[in-house]
Amino acid sequence: MNTDVLLTLLCVALIAVIAVIAYRYIKQRREAEQRERPTPTDPFANSDTHALRGDPRKLKAGDIFDTHGETLTVRGSLRLTEGGYQWSEHLIDTGTGVKRWLSVEEDPDLELVLWTEVRGAPTPGPNQVTYDGKTYRLEETGRADYTSEATTGLTPTGVVQYHDYRAGDDSRLSFEDFGATGKYEAAIGLVIQHHEITIYPQTP
Numbered sequence: 001m002n003t004d005v006l007l008t009l010l011c012v013a014l015i016a017v018i019a020v021i022a023y024r025y026i027k028q029r030r031e032a033e034q035r036e037r038p039t040p041t042d043p044f045a046n047s048d049t050h051a052l053r054g055d056p057r058k059l060k061a062g063d064i065f066d067t068h069g070e071t072l073t074v075r076g077s078l079r080l081t082e083g084g085y086q087w088s089e090h091l092i093d094t095g096t097g098v099k100r101w102l103s104v105e106e107d108p109d110l111e112l113v114l115w116t117e118v119r120g121a122p123t124p125g126p127n128q129v130t131y132d133g134k135t136y137r138l139e140e141t142g143r144a145d146y147t148s149e150a151t152t153g154l155t156p157t158g159v160v161q162y163h164d165y166r167a168g169d170d171s172r173l174s175f176e177d178f179g180a181t182g183k184y185e186a187a188i189g190l191v192i193q194h195h196e197i198t199i200y201p202q203t204p
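Each step along the sequence shown adds one to the number in the UniProt record's numbering, with nothing skipped, and position 16 is 16.
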């Protein structure tokens, strides 16, 4: 084999080695960049609000919260599940004999509704009902399992059938039938923005 051919083969081999090294270097660098790249986050997440005002998703019996000029105390909670969906309803101590609840759910955004028990509401089921001069349209109906914590007036576990209605001004009307417990409730709901509530956790 003459010298020119040998040199050519050596050059080809050297180029191949350099190409392999360069490929591995670039691949490793890209993998390292991907590992170091921050995980995408929701730009509309309200973690700052949680830090300043408390996280409604962590409410429990004994906690105190302020909203719309009222200071309210959680007496007990219902943890509800339907399929893979979960939400909470917190019984509030009013001292007036009128039941009030704060519901907390993510669908997918955090939604808070302050409920007040009412009498004389229509029978749920139709696609549209009228109460106190306002028309509400059926938004959702279903059947959920619940677990009761602290004081709720309900059994430790059970099932609730519900009908949720919404008016044009976003106010709510809800019906809950707890079946075998004999409990049946109708309530009107006021939607609360997260910045309108401040929570003071009382227990770890």
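All C-beta atoms, glycine included, are put in the ideal place defined by N, C-alpha and C.
- At a cut of 8 Å, does the segment 106 to 114 reach the segment 192 to 202 through at least three beta carbon pairs? yes
Use the C-beta contact count for Ile21: other C-beta atoms within 10 angstroms, 16 or more gives buried, fewer gives exposed. exposed
Per DSSP, which residues does Val159 bridge with? Please list them. Asp145
### Task
To the nearest angstrom, report how far apart residue 280 and Arg166 are at their CA atoms.
Because the chain is modelled from 1 through 204, residue 280 falls outside the range shown and cannot be assessed.
field: Runs of beta strand (DSSP E) lying entirely within the segment 165 to 194, each at least 3 residues, in chain order
entry: 172 to 177, 184 to 192
Checklist line | One or two residues paired with Tyr200 in a DSSP bridge | finding: Ile64
- Task: Identify every residue that forms a DSSP beta bridge with Tyr136.
- Result: Val129, Ala167
Taking the alpha carbon of Arg57 as the point to measure from, which residue in Arg137, Gly69, Val74, His68 has its own alpha carbon closest?
Val74
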